[in-house]
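Only one structure is covered here, and it is reproduced in the block below.
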Amino acid sequence: MEQNQTLIDHLDSSLRGETSAATQAMIDNDRALQRQITEALERLDTGKYGICERCGKEIGAKRLEALPYVTLCIDDQELIERGQAQ
Numbered sequence: 007m008e009q010n011q012t013l014i015d016h017l018d019s020s021l022r023g024e025t026s027a028a029t030q031a032m033i034d035n036d037r038a039l040q041r042q043i044t045e046a047l048e049r050l051d052t053g054k055y056g057i058c059e060r061c062g063k064e065i066g067a068k069r070l071e072a073l074p075y076v077t078l079c080i081d082d083q084e085l086i087e088r089g090q091a092q
């Protein structure tokens, strides 16, 4: 019986740790998104919203509609994701 309780306590502790890690990951993601939105609003105020930070070209309207906080045009984003950005 005591052995079962020890196992239950161990599993409960592990589950709490996983839940805590998952919760922290969600909080971190929310904070990152909030920061990106704040920065997008600042770019809007300074007239730099919708302009690619890398090449200076306009970011496509459809891309901005889908992800209004992006800072790169699709071409530059793809270059970075492929590791080809200089």
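Residues 7 to 92, numbered by our numbering, are exactly what the sequence shown covers, in order.
The beta carbon of each residue, even a glycine, is placed where N, CA and C say it ideally should be.
{"query": "Simplified DSSP state of E48, which is helix, strand or coil", "result": "helix"}
{"query": "Distance between beta carbons of E48 and G56, contact taken as under 8 Å", "result": "Actually they are not in contact, since the Cβ atoms of G56 and E48 sit about 13 Å apart, beyond 8 Å."}
{"query": "Unbroken alpha helix (DSSP H) run spanning K68, endpoints", "result": "67–72"}
{"query": "Within 9 Å, strictly: CB atoms of C58 and T77", "result": "yes"}
{"query": "Rounded distance between the beta-carbons of A46 and Y75, thought under 8 Å", "result": "4 Å"}
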